[in-house]
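Residue numbers (my numbering), protein chains in the order written: chain A, 25 to 480; chain B, 11 to 203.
Worksheet: one structure, shown below.
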Amino acid sequence: MPKTLFEKIWDRHVIKTIDGGPSVLYIDKHLIHEVTSPQAFKGLEKRGIEVFRPKQIVATADHNVPTIDQHLPIKEELSRIQVQALVDNTKKHHIDLYGLGHPYQGIVHVIGPELGITQPGMTIVCGDSHTSTHGAFGAIAFGIGTSEVEMVMATQCLLQSKPKLMRINVEGTLNKGVISKDIILYIIAHISASGATGYFVEYAGSAIRSLSMEGRMTICNMSIEMGARGGMIAPDQTTFDYMKGREFAPKGAEWDKKLAEWKQLYSDENATFDKEITIDAANIEPMITYGTNPGMGVSVAGNIPSTADPKSLDYMGLTAGAAIKGKKVDYVFIGSCTNSRIEDLRLVASFVKGKKKAAGVEVWVVPGSKQVEQQAIKEGIDKVFEAAGFNLRQPGCSACLGMNEDKIPAGKYCISTSNRNFEGRQGPNARTLLASPLTAAVAAITGEVADIREFI
Amino acid sequence: MSKSIDKITSTAVPVHLENVDTDQIIPARFLKATTRDGFGDNLFRDWRYNSDGTPKKDFVLNNPIYSGKILVAGKNFGCGSSREHAAWAIKDAGFDVVVSSFFADIFSNNALNNFLLPVTVSEEFLQKLFTAIEKDPKTIIAVDLAAQTITLGGRSETFGINNYKKTCLLNGYDDIDYLLSIRSDIEEFERSH
């Protein structure tokens with residue numbers, strides 16, 4: 025019987041299925057961070073049990089770390105205690121930690137792939153909804169809550185009901201100035217912020233195949249923003265080329281063995297999906313959001329819909345029917361697990377080189393990891409940003425969720441390469457416009473929402 | 011945290027908004043704790059309080075005519091971040107049930123793992139609930155987990171929940187208890203995986 029990519033991986037990880045209930049799903053890799061793990065460790069201690077498979081867990085500090093002066097003790101007391109709890113818990117339970125100061129530290133969804141921890145065919149979980157990022161490698165990867173973090177620590181398993189399956193095909197050639205972030209913002213705008221709830225999504229089609237691994241990660245990353253449990257893309261030569269030689273990727277004969285397995289990971293020709301959507305890549309333009317959920321997006325050349333939710337527009341200080349182009353911005357944030365990889369920084373630098381930021385605009389570039397930061401320095405990207413008046417900071421989640429001190433002030437407009445434009449997401453009463461790194465770069469230079477196609 | 015849920019009969023608090031995301035339920039800046047307690051104080055923080063900490067009079071949780079153990083909200087409740095702190099905050103604020111026409115997946119799992127019952131009703135029934143509660147805040151709603159029914163006046167609707175989870179909630183079991191009990195099966199699986 026033909027199987028989907030999802031089913032091939034799912035079936036290999038189900039230990040048993042409870043009658044009329046969920047399946048016991050075995051988890052290969054568990055990524056943890058400082059914010060959603062401390063209560064899970066406390067839970068284990070309360071039950072008097074050990075971490076079952078500590079070598080299948082990898083930890084990093086990202087959500088709540090400062091992005092300047094990381095070599096100094098964290099100033100804010102609660103943040104310092106939380107980051108220290110991760111250090112203590114991982115030490116006690118023999119879990120590898122890439123914490124502050126470690127050359128592998130970074131946003132959990134950036135370091136997993138760049139270290140070769142993320143591999144095709146795996147089941148991967150993390151107490152973070154953007155765990156869907158890892159699906160770009162042909163893995164079943166999804167976010168979980170803290171009770172589930174505790175379950176995986178205790179048993180390396182989760183109880184899960186099999187989701188419905190959706191395939192989204194993006195066919196054709198992308199227009200000039202359109203990159204993977206625009207594809208996913210376009211998809212979410214079309215199917216809404218809840219349009220994929222209950223589904224696991226496979227992205228396919230020639231436009232998806234043409235993307236780099238970084239581009240694919242951006243797409244899978246935002247699956248949750250349309251409610252999907254996760255997103256995935258079948259591995260191919262692009263995947264294998266990216267993975268080969270990475271720190272924790274298989275080596276030698278083991279690589280050859282794994283490669284043969286990975287090449288079987290695709291949806292069979294006649295496999296069935298509960299829902300299937302096909303999108304013409306030619307229709308996708310550079311996208312931007314105007315509202316307070318990621319489904320409220322339009323082309324940068326378009327108008328805010330006349331039917332837009334009044335509560336959202338009131339919060340955003342925007343007008344139904346008006347053009348979004350030309351809107352002044354105060355902040356530009358280039359970072360987050362969606363768009364903080366070396367390819368994103370290269371793209372921004374290639375546009376910005378020789379230009380200066382607009383007066384009155386604050387520009388923060390927050391690399392996804394220490395490795396991204398070091399690579400950027402090696403390539404001279406740091407100098408390009410410095411000359412442009414951008415502020416290159418140190419790795420972490422930063423202003424994506426405003427948990428540390430990197431907050432956008434009340435009432436200010438921030439064009440952001442992150443994933444959520446919810447009320448207060450980047451700071452109380454901050455106003456977020458989600459866009460691609462290219463659209464963010466052009467806003468940094470012009471000081472307003474602009475159409476990248478007019479500049480390249 | 012009360013373990014086990016069966017029948018809840020109570021007045022309800024209406025949050026008459028759709029797409030309530032977990033950043034609204036509990037903003038990230040309140041996630042710095044290392045325990046599960048005390049999140050209720052900051053439930054719906056930025057809708058509930060001004061920046062100087064004074065209550066916003068027009069938000070429903072600050073309106074003394076509304077109270078109860080049941081929270082009623084618009085569709086796609088709990089979307090966004092996987093933070094379980096959202097479920098902890100709602101439970102800590104005294105709610106045992108959340109009713110909506112549609113829940114985000116991760117929130118739903120988190121709620122169930124904290125003995126906070128997510129009850130999915132039809133959009134029509136949800137609107138009837140809003141109308142009834144907003145007309146008379148003393149309106150009583152009855153939720154019966156064993157029978158899988160929610161009742162408003164003479165009208166009932168059944169809601170879905172998988173049998174395994176229902177048994178857990180009725181008896182106060184959690185998933186870890188179950189998974190620990192099949193550890194030998196897990197070890198057996200690992201040998202051939």
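Beta carbons: idealized from backbone N, C-alpha and C, even for Gly.
With a threshold of 6 Å on Cβ separation, who are the neighbours of residue 11/B within its own chain once the five nearest residues in sequence on each side are excluded? In the second sequence, residue 11/B corresponds to position 1, counting from 1. In this predicted model, residue 11/B has a pLDDT of only 49, less than 50, meaning its place in the structure is not dependable enough to derive any value.
What residues in the region 400-414 of chain A have a beta carbon less than 9 Å from any beta carbon of chain B? none
Residues of chain B with CB under 7 Å from residue 40/A, in chain order? The count along the first sequence starts at 1 and reaches residue 40/A at position 16. Result: 195.
Using only CA atoms, which one of 161/A, 147/A, 166/A and 141/A lies nearest to residue 153/A? Taking the first sequence and counting its residues from 1, the one referred to as residue 153/A is at position 129. The residue with the shortest Cα to Cα distance from residue 153/A is 166/A.
Enumerated in chain order, which unbroken segments of the beta strand (DSSP E) with a length of 3 residues or greater are wholly contained in the region 107-193 of chain A? 120-122, 147-150, 164-167 and 181-184
Coil, strand or helix - residue 11/B by DSSP: Your numbering for residue 11/B matches position 1 in the second sequence. Low per-residue confidence applies at residue 11/B: pLDDT is 49, beneath 50, and the placement is therefore not dependable enough to give any value.
Contact between the region 290-308 of chain A and the region 185-200 of chain A is defined here as three or more beta-carbon pairs at a separation below 8 Å; is this criterion met? yes
Residue 31/B: buried (16+ other C-beta within 10 angstroms of its C-beta) or exposed? For the purposes of this step, residue 31/B is identified with residue 21 of the second sequence, where counting begins at 1. By the neighbour-count rule (16 or more Cβ atoms within 10 Å), residue 31/B is buried.
For a cutoff of 7 Å on Cβ pairs, would you count residue 11/B as touching chain A? As a first step, residue 11/B must be located in the second sequence, where it is residue number 1. The pLDDT assigned to residue 11/B is 49, lower than 50, so where the model puts this residue is not dependable; a value taken from the coordinates is nonetheless given after this. For residue 11/B, the answer is no, since every Cβ of chain A falls outside 7 Å of its Cβ.
Local Cβ density within 10 Å of residue 467/A, reported as buried at 16 or more and exposed below that: Here residue 467/A refers to the residue found at position 443 when the first sequence is read from its first residue. Looking at its Cβ environment, which holds 16 or more other Cβ atoms inside 10 Å, residue 467/A is buried.
Ends of the beta strand (DSSP E) at residue 438/A? Here residue 438/A is taken as the residue at index 414 of the first sequence, counted from 1. Looking at the DSSP string, the run of the beta strand (DSSP E) that includes residue 438/A is 437-440.
Whether residue 362/A touches residue 244/A by CB criterion (7 Å): Reading the first sequence from its first residue, position 338 is the one you call residue 362/A. Reading the first sequence from its first residue, position 220 is the one you call residue 244/A. Not closer than 7 Å, so no.
Using 10 angstroms around the beta-carbon of residue 317/A, count the other beta-carbons present and answer buried if the total reaches 16, otherwise exposed. On the first sequence, position 293 is the one that residue 317/A refers to. So residue 317/A counts as buried.
So, at 6 Å on beta carbons, what are the nonlocal neighbours of residue 147/A in its own chain, with the 5 sequence-adjacent residues on each side left out? Working through the first sequence from its first residue, we reach residue 147/A at position 123. If we look at residue 147/A and ignore the five residues flanking it on each side, its Cβ neighbours are 37, 51, 52 and 164.
Please list, in chain order, all residues of the same chain as residue 183/A whose beta carbon is under 8 Å from its beta carbon, the five residues on each side excluded. Walking along the first sequence from the start, residue 183/A turns up at place 159. So the list reads 42, 45, 46, 47, 48, 49 and 175, once near-sequence residues are dropped.
Compare the C-beta of residue 132/A against all C-beta atoms of chain B and say whether one is closer than 7 Å. As a working mapping, residue 132/A is identified with position 108 in the first sequence. No, residue 132/A lies away from the interface with chain B (no Cβ there is under 7 Å from its Cβ).
Is it true that the CB of residue 434/A sits closer than 7 Å to the CB of residue 419/A? Position 395 of the first sequence, counted from the first residue, corresponds to residue 419/A. Position 410 of the first sequence, counted from the first residue, corresponds to residue 434/A. No, they are not a contact pair.
Cutting at 6 Å between CB atoms, please list the residues of its own chain near residue 128/B, excluding the five before and the five after it. Here residue 128/B refers to the residue found at position 118 when the second sequence is read from its first residue. 108, 113, 118 and 121.
Under a Cβ-count criterion, where at least 16 other Cβ atoms within 10 Å of its own Cβ denotes burial, should residue 391/A be classed as buried or exposed? For the purposes of this step, residue 391/A is taken as residue 367 along the first sequence, with counting starting at 1. Residue 391/A comes out buried.
Classify residue 310/A as buried or exposed, calling it buried when 16 or more other Cβ atoms lie within 10 Å of its own Cβ. To locate residue 310/A, count along the first sequence from 1; it is residue 286. By the 10 Å Cβ count, residue 310/A comes out buried.
Would you mind giving the Cβ-Cβ distance between residue 436/A and residue 412/A, rounded to the nearest angstrom? I have them listed as a contact below 8 Å. Sequence index remark: in the first sequence, residue 436/A carries index 412 (1-based). Sequence index remark: in the first sequence, residue 412/A carries index 388 (1-based). Residue 436/A to residue 412/A, Cβ: 20 Å. No contact.
Look at the alpha carbon of residue 196/A and the alpha carbon of residue 229/A, and state the distance between them as a whole number of angstroms. In the first sequence, the residue the question calls residue 196/A occupies position 172. In the first sequence, the residue the question calls residue 229/A occupies position 205. If you take the alpha carbons of residue 196/A and residue 229/A, they lie about 8 Å apart.
Just mark residue 39/B as buried or exposed, buried being the case when its beta carbon has 16 or more other beta carbons within 10 Å. Taking the first residue of the second sequence as 1, we reach residue 39/B at position 29. So residue 39/B counts as buried.
Given this structure, state the Cα-to-Cα distance separating residue 126/A from residue 342/A, to the nearest angstrom. For the purposes of this step, residue 126/A is taken as residue 102 along the first sequence, with counting starting at 1. For the purposes of this step, residue 342/A is taken as residue 318 along the first sequence, with counting starting at 1. Those two C-alpha atoms are separated by around 43 Å.
Interface partners of residue 203/B on chain A, CB under 7 Å: Start at 1 with the first residue of the second sequence, and residue 203/B comes out as number 193. Simply 50.
For residue 20/B, report the span of its alpha helix (DSSP H) as first-last. The residue given as residue 20/B occupies position 10 in the second sequence. First-last for residue 20/B: 17-20, but that is the beta strand (DSSP E), not the alpha helix (DSSP H).
DSSP three-state call for residue 324/A: helix, strand or coil? Along the first sequence, one-based indexing puts residue 324/A at 300. Note: residue 324/A maps to coil in three-state DSSP.
Mapping the DSSP letters down to three states, classify residue 25/A as helix, strand or coil. Counting from one through the first sequence, the residue named residue 25/A turns up at place 1. The answer is coil: DSSP assigns residue 25/A none of H, G, I, E or B.
Alpha carbons only, please: which of 144/B, 148/B and 172/B is nearest the one belonging to residue 157/B? As a position in the second sequence, residue 157/B is number 147, starting the count at 1. Closest option to residue 157/B, Cα to Cα, is 172/B.
Cβ shell of residue 53/B (< 6 Å), same chain only, five flanking positions each side left out: Walking along the second sequence from the start, residue 53/B turns up at place 43. Taken in chain order, the residues that qualify are 99 and 103.
Whole angstroms are fine: how far does the CA of residue 62/A sit from the CA of residue 68/A? Here residue 68/A corresponds to residue number 44 of the first sequence, with the count starting at 1. Here residue 62/A corresponds to residue number 38 of the first sequence, with the count starting at 1. Answer to the nearest angstrom: the Cα atoms are 10 Å apart.
Cβ of residue 459/A within 7 Å of Cβ of residue 312/A? For the purposes of this step, residue 459/A is identified with residue 435 of the first sequence, where counting begins at 1. For the purposes of this step, residue 312/A is identified with residue 288 of the first sequence, where counting begins at 1. Cβ distance < 7 Å, so residue 459/A and residue 312/A count as in contact.
Any residues in the region 212-230 of chain A with a beta carbon nearer than 8 Å to a beta carbon of chain B? Which ones, in chain order? 217, 218, 221 and 222
Mind pulling the chain A residues with CB within less than 7 Å of residue 39/B? For this step, residue 39/B is matched to residue 29 along the second sequence. Within 7 Å Cβ-Cβ: 426 and 427.
So residue 181/A contacts chain B; which residues on that side make the cut at Cβ distance below 7 Å? Counted from its first residue, the first sequence places residue 181/A at position 157. By Cβ distance, chain B contributes 189 and 196.
Taking 7 Å as the threshold (C-beta atoms), are residue 18/B and residue 153/B in contact? One-based indexing of the second sequence puts residue 153/B at position 143. One-based indexing of the second sequence puts residue 18/B at position 8. It is a contact, given that the beta carbons lie within the stated cut-off.
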